[in-house]
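Read the structure below first, then the notes.
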Amino acid sequence: MMQEVKLTIGPDGNVTVHFEGMKADVRHALAKELEKLIGRATQRKHGPGDEDVKAGLHVYGRS
Amino acid sequence: MPCTMVCLTPVIVGAWPTILSCLVGAASALGLAVAASTKEEEADVAAQTNSAEIELENSSVLECSQAHQARFVREGLGITVETNERGRLVVRVEGHESQESLRQKAQGFAGAVAQHFAYHRAITQLRQAGFAVVEEQMSEDRAVHVTLRRWE
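Shown next, in the form of structure tokens:
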């Protein structure tokens, strides 16, 4: 199964990341790693299945 | 297909060599060269009339027991980046333009540094996770768009 990550890195350094084709726990693990390495998350939009990983949300999110 | 989006604001954290690499990359992208400490360059600096300075609040140079500095130049423009006592980066731009114009250039340079930092951190991490870059382009507003893919 194809999995894609689309990054848009603005001229001010702000990063928008779209995850496609992967399960919620995988998306959250990747998002958590990126947040740890790059900086704080300022906005999130969650897709279907995210309710299954509320614990993960708590780990990687501060919202 | 499920899709999640997350927006990240970079916090530039790293040891000076890592930061310096981002500074050089940003300077290069903006047509600036690393300044050689020559008499001509010093004379050019002395001839500048205005300057503007900003502190990058979202920055932290690790193990910053000593002050670090890097300087970049382009015709009529000098940019100095140094660490302050709090270990943060300070960008100072000198030139013949108005202070407001120089301040905007300082912010533009700071943005380019953050962009390089975020790009390298993200790409390195995603490659380690098995993704490969399949498409990359820069739009007119200097935003970088990268698509990475893997098969599971």
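In the order they appear, the protein sequences are chains A and B. This note's numbering applies: residue 32 is where the first sequence begins, and numbers increase by one. This note's numbering applies: residue 4 is where the second sequence begins, and numbers increase by one. For every residue, glycine included, the Cβ atom is placed at its ideal position computed from N, Cα and C. Note that the structure is a prediction, hence the values are computed from the model and not measured.
Near chain A, meaning a CB-to-CB distance below 9 Å, the residues of the stretch 109 to 120 of chain B are 110, 111, 113, 114, 115, 116, 117, 118, 119 and 120. Contact between residue 56 of chain B and residue 109 of chain B holds: their C-beta atoms lie close to 7 Å from each other, under 8 Å. B:53 is the residue among B:15, B:32, B:53 and B:17 whose C-alpha sits nearest the C-alpha of residue 103 of chain B.
Around the beta carbon of residue 130 of chain B, fewer than 16 other beta carbons lie within 10 angstroms, which makes this residue exposed. Under the three-pair Cβ rule at 8 Å, the stretch 37 to 48 of chain A counts as touching the stretch 141 to 154 of chain B. Identification of chain A residues near residue 146 of chain B by a Cβ-Cβ cut-off of 7 Å yields 39, 40, 41 and 42, ordered along the chain. Under DSSP, residue 75 of chain B shares a beta bridge with B:37 and B:82. Here residue 71 of chain A is exposed, its C-beta having fewer than 16 other C-beta atoms within 10 Å. Listed along the chain, the chain A residues whose CB falls inside 9 Å of the CB of residue 154 of chain B are 32, 33 and 34. Residue 61 of chain B has a beta carbon lying within less than 9 Å of a beta carbon in chain A. The shortest CA-to-CA distance from residue 63 of chain A to any of B:16, B:11, B:58 and B:112 is the one to B:11.
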